[in-house]
Amino acid sequence: MGNGLGRKEYEDLLEPMQEELAGMARWAKETGARILVLFEGRDTAGKGGAIHAISEHLNTRQCRTVALPAPSEREQGQWYFQRYVPHLPAAGEIVLFDRSWYNRAGVEKVMGYATEPQVQAFLRHTPVFEKLLTDDGILLFKYWLTCDQDKQEERLHERLDDPLKRWKLSPVDLAAREKYKDYTKAREAMLEATHTRNAPWTLVDFDDQKQGRLTLIRDLLDRLPDTRIDPPELEMAPLEDGPKKEKFGVLKPIKPFPIP
268 MGNGLGRKEY EDLLEPMQEE LAGMARWAKE TGARILVLFE GRDTAGKGGA IHAISEHLNT
328 RQCRTVALPA PSEREQGQWY FQRYVPHLPA AGEIVLFDRS WYNRAGVEKV MGYATEPQVQ
388 AFLRHTPVFE KLLTDDGILL FKYWLTCDQD KQEERLHERL DDPLKRWKLS PVDLAAREKY
448 KDYTKAREAM LEATHTRNAP WTLVDFDDQK QGRLTLIRDL LDRLPDTRID PPELEMAPLE
508 DGPKKEKFGV LKPIKPFPIP
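Residues 268 to 527 (my numbering) are what the sequence shown spells out, left to right.
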């Protein structure tokens with residue numbers, strides 16, 4: 268498979284998994300399951316693409332993505348986990364965190380936004396916090412997306428050169444380029460402290476992003492209970508008077524975009 272996985276082949280492999288995800292969402296709604304998935308990893312690894320592949324065909328009222336900005340001044344004075352708690356899933360919901368409380372063990376530690384005592388306290392407290400979540404019945408999945416630095420460099424340059432992707436590039440991303448080894452060291456300390464029996468980590472190779480998405484989704488589906496619930500049977504009777512044409516009174520549609 269590797270780097271040779273083409274778009275059509277990838278989509279053919281992804282589609283049946285997305286059908287399974289739709290069944291999983293119906294299962295969650297019917298059973299009241301609460302599903303929480305954390306996406307962490309290297310800059311440019313592909314967290315956004317993986318989240319999109321999972322959520323693309325799910326009801327946005329049921330499945331939502333959480334990507335919090337930098338904490339406000341007030342939030343900096345709160346209990347560290349406090350700003351994440353309101354975003355946890357309620358019954359029947361699926362929540363996908365695009366980065367999470369693990370910012371403290373990653374970017375905040377490496378870039379000096381958190382003190383060493385704050386980081387050490389986080390590593391001690393996180394297993395306790397997560398056990399509260401799983402003991403209460405939340406299905407918690409934690410993924411860390413890996414990629415080699417040559418791939419990271421390639422993707423950063425692509426973002427720099429592509430005006431449609433430039434928004435993905437920040438000064439923090441550029442400053443982090445020289446700290447690849449520091450992020451590795453921080454990740455290993457995080458794994459040692461927070462890879463627990465009730466809330467284990469799963470590392471996924473995202474050097475090939477298409478293969479990485481397939482790997483992650485297959486793992487997620489395989490770790491959930493048997494979630495297959497077929498959609499309810501619906502019958503669409505023929506329209507009595509046949510289909511109608513649009514009619515306009517107050518306003519009419521604007522002029523269509525010209526297609527050559």
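Quick reminder that beta carbons are idealized off the backbone N, C-alpha and C, glycines included.
Setting aside the 5 residues that flank it on each side, Glu397 is surrounded in the same chain by Ala466, each with a C-beta closer than 6 Å to its C-beta; the list follows chain order. The beta carbons of Lys418 and Asp474 sit about 5 Å from each other, so the pair counts as a contact at 8 Å.
For Gly373, the closest of Asp489, Gln387, Trp434 and Gln349 by C-alpha to C-alpha distance is Gln387. DSSP, reduced to helix, strand and coil, places Tyr410 within a strand of the structure shown. Taking all protein chains shown into account, Phe524 has fewer than 16 neighbouring C-beta atoms within 10 Å of its C-beta and is therefore exposed.
Under the three-state reduction of DSSP, Leu427 is assigned to helix.
DSSP lists Leu363 and Phe408 as the beta-bridge partner residues of Val304. Cβ atoms of Arg485 and Met284 come within 8 Å of each other, at about 6 Å. Residue environment for Ala358: exposed (fewer than 16 other C-beta atoms within 10 angstroms of its C-beta).
Check the Cα spacing between Val304 and each of Thr461, Met457, Ala456 and Leu355: the tightest is with Leu355. If you draw a straight line from the Cα of Asp440 to the Cα of Thr451, it is about 15 Å long.
Restricting attention to beta strand (DSSP E) runs no shorter than 3 residues, the stretch 294-362 encloses them at 302-308 and 330-333, ordered along the chain. The C-alpha of Gln385 lies about 14 Å from the C-alpha of Ala453. With the rule of 3 Cβ pairs closer than 8 Å, the stretch 342-351 counts as touching the stretch 364-381.
A direct Cα-Cα distance of roughly 14 Å separates Glu282 from Gln478. Nearest in C-alpha terms to Phe306, of all of Ile321, Trp294 and Tyr380, is Ile321. Per DSSP, the beta bridge partners of Val471 are Leu412. With fewer than 16 other Cβ atoms inside 10 Å of its own Cβ, Met503 counts as exposed.
One thing to note: Leu288 has its Cβ no nearer than 8 Å to the Cβ of Thr332. With respect to Thr413, Val377 sits apart: the two C-beta atoms are not nearer than 8 Å.
Under the DSSP assignment, Arg490 falls in the alpha helix (DSSP H) whose first and last residues are Gln476 to Arg490. Counting only the Cα atoms, His324 lies some 10 Å from Ala292.
Distance check between Leu436 and each of Leu407, Glu278, Arg422 and Asp449 places Arg422 closest, using alpha-carbon atoms only. Cα atoms of Glu278 and Thr327: separation of roughly 21 Å, rounded to the nearest angstrom. Note on geometry: alpha-carbon atoms of Trp346 and Arg274 lie some 45 Å from one another. Looking from the CA of Arg464, the closest CA among Lys514, Thr401, Leu518 and Lys448 belongs to Thr401.
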